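Shown next, in structure tokens, is the structure this report addresses.
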Amino acid sequence: MSTTYDQIEIEDMTFHPELEMFTYPCPCGDRFEILLDDMFDGIKLAVCPSCSLMIDVIFEVEDLAEYYEQAGIALPEGIAA
Amino acid sequence: MGFNVYCLGSNGRGQLGLGHCNDVMVAQKSIVQSSDEVRKVVCGGNHTVLLLEGSGSVLATGNNEFGQLVGGPVVDYTDWVDCNGPWSTPRVLDVAAGWEFTAIVDENNIVRSRGAGPRGELGVGLDTCSGNSNNSGGGFCTVMECGSDDEVKLFASFANCVAVVTTKGGHCTVYGWGSNTKCQLQTPKSKIVDRPVVIYETDDPVDYAALGKNFNVLVNKRGEIVHAAGNLPSGFHWEHWKGVPGLQVRCMWSSIHILDLKGSRLSFGFNLHGQLLDTAFPQDMYVTDTCMGSEHGVVVVKELDGSQRVLAWGWGEHGNCGRLSPNQSDSDPTSVINDKSNEVSPLNEILVVDPDKKVKVWGGCATTWIVVSS
Ligand SMILES: [Zn+2]
Numbered sequence: 001m002s003t004t005y006d007q008i009e010i011e012d013m014t015f016h017p018e019l020e021m022f023t024y025p026c027p028c029g030d031r032f033e034i035l036l037d038d039m040f041d042g043i044k045l046a047v048c049p050s051c052s053l054m055i056d057v058i059f060e061v062e063d064l065a066e067y068y069e070q071a072g073i074a075l076p077e078g079i080a081a
Numbered sequence: 001m002g003f004n005v006y007c008l009g010s011n012g013r014g015q016l017g018l019g020h021c022n023d024v025m026v027a028q029k030s031i032v033q034s035s036d037e038v039r040k041v042v043c044g045g046n047h048t049v050l051l052l053e054g055s056g057s058v059l060a061t062g063n064n065e066f067g068q069l070v071g072g073p074v075v076d077y078t079d080w081v082d083c084n085g086p087w088s089t090p091r092v093l094d095v096a097a098g099w100e101f102t103a104i105v106d107e108n109n110i111v112r113s114r115g116a117g118p119r120g121e122l123g124v125g126l127d128t129c130s131g132n133s134n135n136s137g138g139g140f141c142t143v144m145e146c147g148s149d150d151e152v153k154l155f156a157s158f159a160n161c162v163a164v165v166t167t168k169g170g171h172c173t174v175y176g177w178g179s180n181t182k183c184q185l186q187t188p189k190s191k192i193v194d195r196p197v198v199i200y201e202t203d204d205p206v207d208y209a210a211l212g213k214n215f216n217v218l219v220n221k222r223g224e225i226v227h228a229a230g231n232l233p234s235g236f237h238w239e240h241w242k243g244v245p246g247l248q249v250r251c252m253w254s255s256i257h258i259l260d261l262k263g264s265r266l267s268f269g270f271n272l273h274g275q276l277l278d279t280a281f282p283q284d285m286y287v288t289d290t291c292m293g294s295e296h297g298v299v300v301v302k303e304l305d306g307s308q309r310v311l312a313w314g315w316g317e318h319g320n321c322g323r324l325s326p327n328q329s330d331s332d333p334t335s336v337i338n339d340k341s342n343e344v345s346p347l348n349e350i351l352v353v354d355p356d357k358k359v360k361v362w363g364g365c366a367t368t369w370i371v372v373s374s
């Protein structure tokens, strides 16, 4: 059994191109955060700065390409464009 | 008539209306008013909106980053703002709040929305109003105009809003808008439904909608579940409940809680933080009111001697389920600040109320609201 609060698909996250970060509402009122580059490095946990809850983000590395494009930064090597 | 509003819990953006932004874990008096009654307290991620019964007045506090409360440059209100003036709406008939938005039914039976709606939460088309994020507009968008004889009720949670519109003849149309990634509004799945769509229609009027994070449940006036859609908690099959009258259905973000006529309580959904009440709740308690927050619950129970107690359970990391120690006094101002000593709360007493008072409870995102009327 997972000990994170929830599993959230990447399409349900909000992407902030200027911050190169995804967020998702936390039941405490703040937002779970995870950086695009961290996801590329294989991290799947998004954390809330205001409480102890965390979520697992469900995605494939290939899903990240469009967000690199949105942020206007070059694709890291390893993603097929 | 008059009332006192007590609150506790998450307060990072002033959503408790206490004049500061500290989380508190002992119920604090936030509003004292000598007339009128509270009809509803609704909560977004970080804002709170309170509707008065008789006057149709609205008070609001908390995060205003997207104009979810009023127009103007104030990002966070830590004290209550009178909204009817700024809204140019002398009388509000109903109100609902989701993550970063507020919706109302005004005195002309027009449904209006304000705040941010990146997932269609404003119900007016993404192109029309959701660019409101710089707070410059400050105004309402018109979602839909209902007939002057219609009864219109609003419900919201997270990224969805639902309007139940019943004509005088008894025909009922339920509209929904916002996120549809879990088919909570309609099939097929779509990311966003940014204008009202009919999610249910009937001649057997719907009384209310109970909304979770990614699902909604409709209950008719006999207390029967008549519709459920979205990513429903596992183990909950609404067909099993079809035709069972007298149910009270309440939802946290990730769970459904059903109280039946016999006083049984059944819950379905996440339980990592003790959210499910059937595991923690003595069956012989006489419950007079129940409400759910994002991941905690609040009930009012009446004892045989008439005394009333308000209890909370579930995820209490922000102090929203109270302090576990028996010494809950608000006379010592330092002791009310949340110390995270009650993160997973058993059924816990947060307020004792005199037998002759009327008590109602509401829950927000880790906030707990208790209204005591004289
Ligand atoms: Zn949080």
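Protein sequence lines correspond, in order, to chains E and C. Once you know that position 12 of the first sequence is 12 in UniProt numbering, the rest is easy, because the numbers rise by one and skip nothing. Once you know that position 156 of the second sequence is 156 in UniProt numbering, the rest is easy, because the numbers rise by one and skip nothing. Where a beta carbon is used, it is the ideal one built from N, C-alpha and C, also for glycine. Fair warning: this is a prediction, and the values are worked out from it, not measured in the lab.
Within chain E, partners of residue i - CB distance below 9 Å
i: P118(C); result: T14
i: H257(C); result: The premise fails here: H257(C) is roughly 15 Å from chain E at the closest Cβ pair, so nothing lies under 9 Å.
i: E295(C); result: Y5, P27, C28, L53
i: F158(C); result: P25
i: S254(C); result: Y5, D6, P27
Partner residues on chain E for residue i, Cβ-Cβ distance less than 8 Å
i: K191(C); result: E11
i: F272(C); result: Per the sequence shown, residue 272(C) should be read as Leu rather than Phe. Here the neighbours are T3, Y5.
i: F236(C); result: Residues of chain E passing the Cβ test: none, with the nearest at roughly 17 Å.
i: T181(C); result: E9, E11, D12
i: W177(C); result: Near W177(C) there are no residues of chain E at all, since even the closest Cβ is about 17 Å away, more than 8 Å.
i: V99(C); result: Before going on, a small fix: residue 99(C) reads as Trp here, not Val. Going along chain E in sequence order, the residues near W99(C) (Cβ under 8 Å) are P25.
Cβ neighbours of residue i in the same chain (closer than 6 Å, five flanking residues each side left out)
i: G169(C); result: none
i: N201(C); result: In the sequence as presented, Asn is not what sits at residue 201(C); that position holds Glu. Counting only Cβ-Cβ distances below 6 Å, and skipping sequence neighbours, we find T173.
i: T14(E); result: T23
i: V344(C); result: H273, G274
i: T288(C); result: V300, K302
i: V353(C); result: Q308, V359, V372
CB-CB length for residue i against residue j, believed under 8 Å
i: G223(C); j: G246(C); result: 4 Å
i: P205(C); j: C172(C); result: 4 Å
i: C48(E); j: F59(E); result: Not quite, the Cβ-Cβ distance comes to about 19 Å (not below 8 Å), so this is no contact.
i: S52(E); j: E317(C); result: 6 Å
i: W177(C); j: D194(C); result: 7 Å
i: C83(C); j: A60(C); result: 5 Å
i: C21(C); j: T78(C); result: 6 Å
i: G115(C); j: G67(C); result: 6 Å
i: N320(C); j: L8(C); result: 6 Å
Closer than 7 Å at the beta carbon, the chain E residues around residue i
i: S341(C); result: Under the 7 Å cutoff, chain E gives no residues; its nearest Cβ is about 13 Å from S341(C).
Own chain, CB closer than 8 Å to residue i, minus 5 neighbours either side, in chain order
i: H16(E); result: F22, T23
i: P233(C); result: G212, F215, S254, S255, I256, F268, G269, F270
i: D203(C); result: G170, H171, C172
i: K189(C); result: N180, T181, K182, C183
i: D12(E); result: Y24
i: E107(C); result: G56, T89, P90, R91, V92, L93
i: G29(E); result: S50
i: G12(C); result: C21, D23, N46
Close-in-space but distant-in-sequence residues of the same chain around residue i (CB under 7 Å, 5 per side omitted)
i: L351(C); result: Y6, A27, V310, I370
i: F270(C); result: S254, S255
i: R250(C); result: A210, H257, T290, C291, M292
i: L35(E); result: E20, M21
i: L64(E); result: L36, M39, F40, I79
i: V336(C); result: V24, M25, V26, Q28, D330
i: E9(E); result: I58
i: P355(C); result: G306, S307, Q308
Taking Cβ-Cβ distances below 8 Å as the criterion, which residues of the region 31 to 46 of chain C are in contact with chain E?
-> G45, N46
Using Cβ-Cβ distances below 9 Å, what residues of the UniProt domain "DPH-type MB" (4 to 60) of chain E are close to chain C?
-> Look at the UniProt domain "DPH-type MB" (4 to 60) of chain E: the residues with a C-beta under 9 Å from a C-beta of chain C are T4, Y5, D6, E9, E11, D12, T14, P25, C26, P27, C28, G29, D30, R31, S50, C51, S52, L53.
Specify which residues have a beta carbon nearer than 6 Å to any heavy atom of ligand 1, listing them in chain order.
-> C26(E), C28(E), D30(E), C48(E), S50(E), C51(E), L53(E)
What residues in the region 10 to 26 of chain C bring their beta carbon closer than 8 Å to a beta carbon of chain E?
-> S10, G12, R13, Q15
Selection of the region 349 to 370 of chain C by Cβ proximity to chain E, strictly under 7 Å | C365, A366
Which residues, in order along the region 310 to 327 of chain C, keep a beta-carbon less than 8 Å from a beta-carbon of chain E?
-> W315, E317, H318
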